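Asks:
2 protein chains.
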Amino acid sequence: MDVKTLCLGLLSARPASGYDLKKEFESLFKHFFPAGYGSIYPALADLAAAGLVSCEEIPQTGKPDRKVYQVTPAGREAFARALEECQPQHKMRSEFLAALYFADRMEADRVRELLEQRVAELRGAVQHIENIQGNWSGDAPKGARFVAGFGAAVAKAAAAYIEQHKGLLLEDSATARKQRHGAPRPSLENRA
Amino acid sequence: MDVKTLCLGLLSARPASGYDLKKEFESLFKHFFPAGYGSIYPALADLAAAGLVSCEEIPQTGKPDRKVYQVTPAGREAFARALEECQPQHKMRSEFLAALYFADRMEADRVRELLEQRVAELRGAVQHIENIQGNWSGDAPKGARFVAGFGAAVAKAAAAYIEQHKGLLLEDSATARKQRHGAPRPSLENRA
DNA sequence: AAGAGCATGTAACCTGTTACATGATTAT
DNA sequence: ATAATCATGTAACAGGTTACATGCTCTT
Numbered sequence: 000m001d002v003k004t005l006c007l008g009l010l011s012a013r014p015a016s017g018y019d020l021k022k023e024f025e026s027l028f029k030h031f032f033p034a035g036y037g038s039i040y041p042a043l044a045d046l047a048a049a050g051l052v053s054c055e056e057i058p059q060t061g062k063p064d065r066k067v068y069q070v071t072p073a074g075r076e077a078f079a080r081a082l083e084e085c086q087p088q089h090k091m092r093s094e095f096l097a098a099l100y101f102a103d104r105m106e107a108d109r110v111r112e113l114l115e116q117r118v119a120e121l122r123g124a125v126q127h128i129e130n131i132q133g134n135w136s137g138d139a140p141k142g143a144r145f146v147a148g149f150g151a152a153v154a155k156a157a158a159a160y161i162e163q164h165k166g167l168l169l170e171d172s173a174t175a176r177k178q179r180h181g182a183p184r185p186s187l188e189n190r191a
Numbered sequence: 000m001d002v003k004t005l006c007l008g009l010l011s012a013r014p015a016s017g018y019d020l021k022k023e024f025e026s027l028f029k030h031f032f033p034a035g036y037g038s039i040y041p042a043l044a045d046l047a048a049a050g051l052v053s054c055e056e057i058p059q060t061g062k063p064d065r066k067v068y069q070v071t072p073a074g075r076e077a078f079a080r081a082l083e084e085c086q087p088q089h090k091m092r093s094e095f096l097a098a099l100y101f102a103d104r105m106e107a108d109r110v111r112e113l114l115e116q117r118v119a120e121l122r123g124a125v126q127h128i129e130n131i132q133g134n135w136s137g138d139a140p141k142g143a144r145f146v147a148g149f150g151a152a153v154a155k156a157a158a159a160y161i162e163q164h165k166g167l168l169l170e171d172s173a174t175a176r177k178q179r180h181g182a183p184r185p186s187l188e189n190r191a
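Chains A and B supply the protein sequences, listed in that same order.
Using numbering that gives the first Met the number 0, the letters of the first sequence map in sequence onto residues 0 to 191.
Using numbering that gives the first Met the number 0, the letters of the second sequence map in sequence onto residues 0 to 191.
1. Let me know if alanine 136 of chain B comes out buried or exposed under the rule of 16 or more other beta-carbons within 10 Å of its beta-carbon.
2. Does the CB of histidine 127 of chain A have a neighbour CB from chain B at under 7 Å?
3. Need the endpoints of the beta strand (DSSP E) that alanine 16 of chain B sits in, please.
4. Cysteine 6 of chain B: which of B:Val67, B:Lys141 and B:Leu167 sits nearest, CA to CA?
5. Can you check whether the C-beta of proline 140 of chain A is within less than 7 Å of a C-beta belonging to chain B?
6. State buried or exposed for arginine 144 of chain B, treating a residue as buried only when at least 16 other CB atoms are found within 10 Å of its CB.
7. Given that proline 87 of chain A touches chain B, what residues does it touch there, using C-beta distances under 9 Å?
8. Is glutamine 198 of chain B helix, strand or coil when you go by DSSP?
9. Between the alpha carbons of glutamine 132 of chain A and histidine 164 of chain B, how many angstroms are there, rounded?
10. Taking any Cβ of chain A, which residues in the segment 46-66 of chain B have a Cβ under 7 Å from it, in chain order?
11. Terminal residues of the continuous beta strand (DSSP E) containing phenylalanine 66 of chain A?
12. Residues of chain A with a CB under 9 Å from the CB of lysine 90 of chain B: which are they?
13. For cysteine 54 of chain A, write down the residues that DSSP places opposite it in a beta bridge.
14. Please classify isoleucine 161 of chain A as buried or exposed, where buried requires at least 16 other C-beta atoms within 10 Å of its C-beta.
15. Measure from the C-beta of leucine 5 of chain B to each C-beta in chain A and report whether the shortest distance is under 7 Å.
16. Give the secondary structure of serine 26 of chain B by DSSP, where H, G and I count as helix, E and B as strand, and everything else as coil.
17. Sort A:Asp19, A:Pro87, A:Leu114 and A:Gly74 by Cα distance to arginine 117 of chain B and report the nearest one.
18. Quick check: leucine 99 of chain B and valine 153 of chain A, are their CB atoms within less than 7 Å of each other?
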């Protein structure tokens, strides 16, 4: 399941240009499978070379010809097989968590900055998803709805965790806790 | 924040060999920053070449010499600067979500399989984290505790979402819902 | 006038993954 | 016996990112 396969999948719903596909990646796929022109255009060229899509060039004035790609029967079959056979991974690489692992060695302001930035990003992601959902009129495919809901739910959970547990990183002494809340708060955070 | 920087960070807590570092990556970092020997050994060689770590070779019988790396003052400084200056990203690439976006074009059994696999993985991740937390006796660094809690919370939220919303993907007609639950369930899933 | 949107692509680069190569010791 | 653990590394490969290259039109 690489960018190439995803392009094939999107094209098997409707014909599109590389530019169009980029916009699709920017909307729903943005937060779990980003792709730029640098991967989309070569992917399209490869798919065409393999005969999985065909390309119709539409002349334009003042801009490069618009190249609209369409799935071929072979492409449709290849995508179906890909869906059947792939063992979909869920990879993540979080520099955010890696950095916070070393929170001990950072200044409190820096920790606060990282935490706030991440929460802002997460809220942005939720907003982005809810905007998309708001533009659906009940006719969106169930896969899209499931995926959007998943993204929003997980982003909200992440933001909530940060808000609820940032104290663990920002208040480093029992004294600090006492002064701010009147009583020490034993760390219950990590219980099952 | 690449594998190289993380190795430097781990080494600035205690000296270790590449093999040791791999184990550290396998424990807490496993779910948000995986790294294999193929990235760790070259990273260590680069760090040594740059003078950020020093290496002591300990002869062994029957195995390659154990190479224990230690941070140099320059390395400590470089890591501090990296923590200060990095703008930590949180990248994810989920073939799982990408595949489910196309759930319409999959057989129900296949969808069920993907969902179950993912839930099993998520529960495994939670288990893994809770095992680590169980081995801590209150003395673990706060960064580690925060990160572990975050991972567990997010994994639980993801698993819960899947369990609660898999119906959206598996029951595809109002008829099916009526037969199983006695009444159709309007899609409330995506409301804010 | 400035900026966003439309529209395509290439080439160098970075980083990480996978497979290969070796081999003794210890636990089940 | 078999598998796991210890212990190191290289080389080829894959895949994606970034910067470069071009240029018109429409909106503000």
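Beta carbons: idealized from backbone N, C-alpha and C, even for Gly.
From a predicted model like this one, the values you see are computed outputs, not experimental measurements.
Replies: Walking through what the data contain:
1. A small correction: the amino acid at residue 136 of chain B is serine; alanine does not occupy that position in the sequence shown. Exposed: under 16 other Cβ atoms inside 10 Å.
2. no
3. It should be noted that the sequence gives serine, not alanine, for residue 16 of chain B. Careful: serine 16 of chain B lies outside any beta strand (DSSP E) and carries neither H nor E.
4. B:Val67
5. yes
6. buried
7. Ser93, Glu94, Phe95, Leu96, Ala97, Ala98, Leu99, Leu113, Gln116 and Arg117
8. There is simply no residue 198 of chain B to check, as chain B begins at 0 and stops at 191 in what is shown.
9. 16 Å
10. none
11. Contrary to the premise, residue 66 of chain A reads as lysine rather than phenylalanine in this sequence. Element bounds for lysine 66 of chain A: 65-70.
12. Pro33, Lys90, Met91, Arg92, Ser93 and Glu94
13. A:Tyr68
14. buried
15. yes
16. helix
17. A:Pro87
18. no
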